[in-house]
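In my numbering, the protein residues as written are 36 to 458. Below is one structure, written out as C-alpha cells; comments come after it.
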Ligand code: LLP
C-alpha cells in the first residue's frame, strides 16, 4: 500500500487515484498546485477513535491547526467532533463551519484578552490555560462580565515524546504548559480566583508520535496530579491527553488509533479513573493521509552534482520539507515508460531550502503531474504568499462528487490591502 493512505491507489492502468478519482485529470481540470482531499479518508481516520471510545464519556476535539479549511471542519463537526483551537481566528472558522461552541477547547500559550473575551462570549467548552499570568488575566476578564471561565490547566509532564525537536512540546525546555512541579499550586490559586471554574486537566506532549509509551508516561504523571489536586479538594471532571498520534509518511509504524485509545483507557481503568471524561485533540492522524498536493513538472535540469526536477509547487505551498526536513512521498500521477533517474524535486521559490523531496527516483518529463502524498495535514494550513505566490486551490472528493472547497487566490488579492504613498 502507498503511504498516502487506504483511499489512494495505483490502478493497473498506471493512474494514481484518490477515492476513485484519477488525480492527473483533476490536476489538468483545476490547475496546479492543487490540494485534493478525500472525505471518506477523513471519516475513516476518525472512526477508530470513535469506536474505541464508544460507551465512555469522551470528546474528540479535532486540532484544526492541521487543516482548517471550512469544508474539513464541517466534515468533522457533522461526524460529532469538537475542536481544539489556538487563536481567535480558528474560533471564527470553527463557528463558521457549524461547530458547537460547547465542544470547543481553546489551547495556546499566548491568548490575547480580545481572544479570551470572544471565546467566553461564544461559550467555549474550556480554556486550556498554560501559565499563571494567563489564569489571572482570564479570571479578571471573566469576572468583569459576570462570568466564570471553565478552565483546565495544561501541565507539562516532562516526558520525551521521541519526535522531532520542533514538534516536541512536553519537555521541561519547551514553552508549553505549566511545569509539573508547579501545577498543584496553580490549581490551588485557580480555585480561589473569582472568574475561574476549574473543570479539568490537560497535556500535549508533541506531534508525529509513533509509540504509545510516551503517552502512558504522560498519563501517569497527569494522574498523579489529578490525585493530588483532588486531595486538595478541587474536583476535575475531564482529562485531556492532547493530540500527537503519528501517521505513516514512509516506513513509520504508529499504533492504530483504536489500539492507542484502548491502551490509554486500560491505564485509566488500572489507576481507578475509568469513569472520568477523556478528551483527545488529534490533528495530523485525522487528515494527514487524507490529502495530496498535486504539482506539475516545469523543467528538468540534470547537473553534475544533482539533477533537479523543477515543479510549480514550492515551500510556500508546503513548508514541511524545508522546515523540518520532513520526508513526504512523491509519486507520478500517471506512470510513464522510460528510465527513472534520481531527482531533487524543487520549487520556483528563490531559496535553496525550497525543496519538496530529495534524491527521489522518478521517470518524469516536463508537463507530467506529481502528487506529494500525506499532504492533508500541516500543508495548506501552513501555506504562505512568499514570492507573491497565490495560495493553491483545494478540492474535496466525496464519493462520486468533486467539490472545489477553496478557490485559488488571485495575485490582485495579495496586494489589495496595500497602499502606494506620495512621492
Ligand atoms: N493539541 C495541541 C495543544 C497541539 O499543540 C497540537 C499540535 C495538537 C493538539 C495536534 O497534534 P497532532 O495530532 O496534529 O500531532 N507543523 C508541524 C506539527 C506541529 C504540531 C503543533 N501542535 C508538522 O508539520 O509536523
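Note that CB positions come from ideal geometry on N, CA and C, so glycine has one too. Since this is a predicted model, take the numbers as computed values, not measurements.
Got a sec? Which residues, its chain only, sit under 6 Å from residue i by beta carbon, not counting five neighbours each side?
| i | result |
| --- | --- |
| residue 45 | 51 |
| residue 143 | 121 |
| residue 134 | 112 and 118 |
| residue 417 | 354 |
| residue 106 | 431 and 440 |
Opposite residue i in the DSSP bridges: which residues?
| i | result |
| --- | --- |
| residue 330 | 405 |
| residue 396 | 377 |
| residue 185 | 232 |
| residue 93 | 313 |
| residue 139 | 118 |
| residue 262 | According to DSSP, which records beta bridges pairwise, residue 262 is partnered with nothing at all. |
| residue 98 | 119 |
| residue 191 | 214 |
| residue 146 | Beta-bridge pairing links residue 146 to no other residue. |
With C-beta atoms as the reference, is residue i less than 8 Å away from residue j?
| i | j | result |
| --- | --- | --- |
| residue 356 | residue 390 | yes |
| residue 292 | residue 40 | no |
| residue 58 | residue 344 | no |
| residue 258 | residue 265 | no |
| residue 249 | residue 195 | yes |
| residue 442 | residue 428 | yes |
| residue 148 | residue 176 | yes |
| residue 273 | residue 227 | no |
| residue 67 | residue 364 | no |
| residue 98 | residue 130 | no |
| residue 223 | residue 267 | yes |
Measuring only the C-alpha atoms, how far is residue i from residue j?
| i | j | result |
| --- | --- | --- |
| residue 189 | residue 458 | 52 Å |
| residue 96 | residue 108 | 11 Å |
| residue 210 | residue 166 | 10 Å |
| residue 155 | residue 161 | 9 Å |
| residue 396 | residue 65 | 27 Å |
| residue 252 | residue 332 | 46 Å |
| residue 407 | residue 438 | 20 Å |
| residue 63 | residue 400 | 16 Å |
| residue 172 | residue 150 | 12 Å |
| residue 370 | residue 89 | 43 Å |
| residue 125 | residue 328 | 23 Å |
| residue 53 | residue 413 | 19 Å |
| residue 283 | residue 73 | 17 Å |
| residue 317 | residue 279 | 6 Å |
| residue 410 | residue 362 | 11 Å |
| residue 285 | residue 146 | 36 Å |
| residue 128 | residue 80 | 22 Å |
For residue i, I'd like the list of residues in its chain whose CB is within less than 8 Å of its CB, leaving aside the five on either flank, ordered along the chain.
| i | result |
| --- | --- |
| residue 281 | 198, 242, 243, 244, 245, 287, 289, 319 and 320 |
| residue 372 | 398 |
Determine the extent of the beta strand (DSSP E) in which residue i is found, giving its start and end residues.
| i | result |
| --- | --- |
| residue 429 | 428-433 |
| residue 271 | Looking at the DSSP string, residue 271 is not in any beta strand (DSSP E), and its letter there is neither H nor E. |
| residue 441 | 436-441 |
| residue 73 | 69-73 |
| residue 461 | Nothing can be reported for residue 461, as the shown portion of the chain is limited to 36 through 458. |
| residue 346 | 343-346 |
| residue 53 | 51-53 |
Starting from residue i, follow the alpha helix (DSSP H) in both directions and report where the run begins and ends.
| i | result |
| --- | --- |
| residue 295 | 292-305 |
| residue 223 | 215-227 |
| residue 111 | 105-113 |
| residue 65 | 58-65 |
| residue 173 | 167-179 |
If you drop the 5 nearest sequence neighbours on each side, which residues of the same chain put their C-beta closer than 7 Å to that of residue i?
| i | result |
| --- | --- |
| residue 254 | 276, 299 and 302 |
| residue 213 | 165, 166, 188, 189, 190, 191 and 221 |
| residue 386 | 350 |
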